[in-house]
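Our numbering applies: residue 9 is where the sequence shown begins, and numbers increase by one.
A virtual CB, placed ideally from N, CA and C, is assigned to each residue, including glycine.
Source: prediction; values computed, not measured.
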Amino acid sequence: MNTFNTPHKMENGDQIFASLECNGRTIANIMDCNFSSIEDVMHYVMSRAGQFFGLGRVKVRNASQGWSTAVTVSAPRRSMWAC
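Structure follows, in structure tokens:
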């Protein structure tokens, strides 16, 4: 997972809302308060999303501190033969 350079701070216990959208569809929605960094949020969202391919956008909102951000992510297309 990449390191994200962001000015936003996050503390364990902050109320976090995050979603992953791909091709206009919401693939994963989460609401939790057990994250200490945006990397933790990204890892959790991607693991909950299952398999998708193409470009997606992860939107993260910290309701406790009043900020939000969006990160573009990509997943490689799987070969038919890899199934």
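Within the same chain, CYS30, ILE35 and ALA83 come within 7 Å of PHE60 by CB-CB distance, once the 5 residues on both sides are set aside. Scanning ALA78, VAL66, ARG65 and ILE38 for the CA closest to the CA of PHE25 turns up ILE38.
Pairing VAL53 with VAL79, the inter-Cα distance amounts to about 12 Å.
In the assembly as shown, LEU28 is a buried residue. Its beta-carbon has 16 or more other beta-carbons within 10 Å. Comparing C-alpha distances from LEU63 to each of VAL81, ARG56, ASP48 and ARG69 shows the shortest one belongs to VAL81. DSSP places GLU47 within a helical segment (H, G or I) once states are collapsed to three. Assignment of MET18 by DSSP, reduced to helix, strand and coil, places it in the coil class.
Residues GLU29, ALA78 and THR80 of the same chain have their beta carbon placed closer than 6 Å to that of ARG65, with the five preceding and five following residues left out of the count. Around the CB of ASN42, fewer than 16 other CB atoms lie within 10 Å, so the residue is classed as exposed.
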